[in-house]
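Here the structure is laid out as structure tokens; the discussion comes afterwards.
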Amino acid sequence: EWEVYSKKFKAITSAKISGSTELLVGHTETYTGSVMPQSLEDSSDYAWSVPEDSQSLIQIEGAVNEKNVSVKALAAGKAKLHLAATKDGDTQETDFEIHTLTEQDRLNLDADALQVPGKISGDFELATTSKSGYDVSWTSDNDAIAIDGGNATVTMGDTGLKVKLTATVTGKDEVTPKRSAEKDFIVFVPSSTNLAGSATVSGSYNGPSDWQNLSKINDADEDSGWNGWRSTGDAQPVEFIQYTFTEKLE
314 EWEVYSKKFK AITSAKISGS TELLVGHTET YTGSVMPQSL EDSSDYAWSV
364 PEDSQSLIQI EGAVNEKNVS VKALAAGKAK LHLAATKDGD TQETDFEIHT
414 LTEQDRLNLD ADALQVPGKI SGDFELATTS KSGYDVSWTS DNDAIAIDGG
464 NATVTMGDTG LKVKLTATVT GKDEVTPKRS AEKDFIVFVP SSTNLAGSAT
514 VSGSYNGPSD WQNLSKINDA DEDSGWNGWR STGDAQPVEF IQYTFTEKLE
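Each number in our numbering corresponds to the 1-based position in the sequence shown with 313 added.
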């Protein structure tokens, strides 16, 4: 005589929401639900909702019982999107935090993320697109750095000087005038007459391009262009070589 015992196994072990953690006010994004094990994703039931304390920030557009859901941002803040996934009577729930931003918030963050070296002695390139895909334009307050689109041409003169570069990140929303954010950079252009006849390597640094905080060797004038480092590559991190100059040519 055989006696059969049965044990009920949990159909799904977890639920997950995938999508952007940032959403611009007035814009809509698609979020996707999934479960583990993945083999049960297509046969599970999905129920989307917005908790009461987030309903002033986001709203669901369209169906709330499909694997994908459309969410629109209503106001700036931190909102939560809720998902309950069910299979054979077993339910797993999860929340997903969405940071809703105004376009101006996003522009300000993108402008803050832009970088320019603090000292330049040769031509260089400037970013023309921000990390969020906005257009970036540049201006210079001195002909020592002439800008054409994303190309900056450097002309060194008899004396070193500081040049102000201004980046403008411009929004995409159909408003007049378009929203924008600016960031200024002070760049030192060294003198063309401060040249070295010979030099010896005295140190090196291998790490991020922290141009303003690298150890420097000077002739008692930090703005003279004798800071004694040169970049040997373009990749990040970059190796910087530090020199001690043994002959100065005026």
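In this text, a Cβ means the ideal position worked out from N, Cα and C, and glycines have one as well.
As the structure is a prediction and not an experimental result, all values here were calculated from the model.
Report task. Grab me the residues of residue 447's own chain with a C-beta within less than 7 Å of its C-beta, minus the 5 sequence neighbours each way, in chain order. Result -> 420, 423, 482, 483, 484 and 485
Query - Closest by C-alpha distance to residue 357, when choosing among 460, 324 and 439 - result: 324
Query raised in the report: So residue 502 and residue 431 are in contact, right, with Cβ under 8 Å, and what is the actual spacing, rounded?
Result: Actually they do not touch by this definition, with Cβ atoms about 11 Å apart.
Query raised in the report: Can you name, in chain order, every residue of its own chain whose Cβ lies under 8 Å from the Cβ of residue 495, other than the five neighbours on each side?
Result: Same-chain partners within the cutoff: 424, 479, 480, 481 and 482.
Query raised in the report: Per DSSP, what kind of secondary structure is residue 427 in: helix, strand or coil?
Result: It is coil, neither helix nor strand.
Query raised in the report: Between the C-alpha atoms of residue 463 and residue 433, what's the straight-line distance to the nearest angstrom?
Result: 15 Å
Query - Sequence-distant residues of its chain with Cβ nearer than 6 Å to residue 466 (five each side left out) - result: 436 and 459
Report task. Could you pull out every unbroken beta strand (DSSP E) segment of at least 3 residues lying fully inside the region 347-393, listed in chain order? Result -> Every beta strand (DSSP E) stretch that sits fully inside the region 347-393 and reaches 3 residues is listed by chain position as 358-362, 371-374 and 381-386.
Requested in this report: Report back the beta-carbon spacing between residue 359 and residue 398 to the nearest angstrom; my notes put them in contact at under 8 Å.
Outcome: Correct: roughly 6 Å between the Cβ atoms.
Requested in this report: Starting from the Cα of residue 454, find the closest Cα among 441, 489 and 498 and give me that residue.
Outcome: 498
Query raised in the report: Which residue or residues does DSSP assign as beta-bridge partners of residue 340?
Result: Paired residues: none, contrary to the question.
Query - 3-residue-minimum beta strand (DSSP E) runs that sit fully inside the region 420-477, ordered along the chain - result: Correct list: 448-453, 458-461 and 464-467.
Query raised in the report: Is residue 452 buried or exposed, if buried means 16 or more other CB atoms sit within 10 Å of its CB?
Result: exposed
Query raised in the report: On the three-state DSSP scale, how would you describe residue 408?
Result: strand
Query raised in the report: Nearest-angstrom Cα distance between residue 329 and residue 406?
Result: 8 Å
Report task. Have a look at residue 326 and residue 392 and give me their C-alpha separation to the nearest angstrom. Result -> 25 Å
Query raised in the report: Do you know how far the Cα of residue 504 is from the Cα of residue 370?
Result: Note on geometry: alpha-carbon atoms of residue 370 and residue 504 lie some 54 Å from one another.
Requested in this report: Take the Cβ of residue 347 as the centre, count every other Cβ of all protein chains shown within 10 Å, and call the residue buried at 16 or more, exposed below.
Outcome: buried
Query raised in the report: So is residue 543 buried or exposed if we call it buried at 16+ other beta carbons inside 10 Å?
Result: With a pLDDT of 40 at residue 543, under the threshold of 50, the modelled position of that residue is not reliable, and no figure is offered here.
Query raised in the report: Less than 9 Å separating the beta-carbons of residue 416 and residue 337?
Result: yes
**Report entry** Sequence-distant residues of the same chain with beta carbon closer than 6 Å to residue 333, five excluded per side
**Finding:** 342
Query - Contacts around residue 528, its chain only, beta-carbon distance under 6 Å, and the 5 residues preceding and following it disregarded - result: Low confidence applies here, because residue 528 scores a pLDDT of 42, under 50, leaving its location unreliable; read the following figure in that light. Closer than 6 Å at Cβ, skipping near neighbours: no residue.
Report task. State the Cα-Cα distance for the pair residue 426 and residue 444, rounded to the nearest angstrom. Result -> Cα to Cα, residue 426 sits roughly 8 Å from residue 444.
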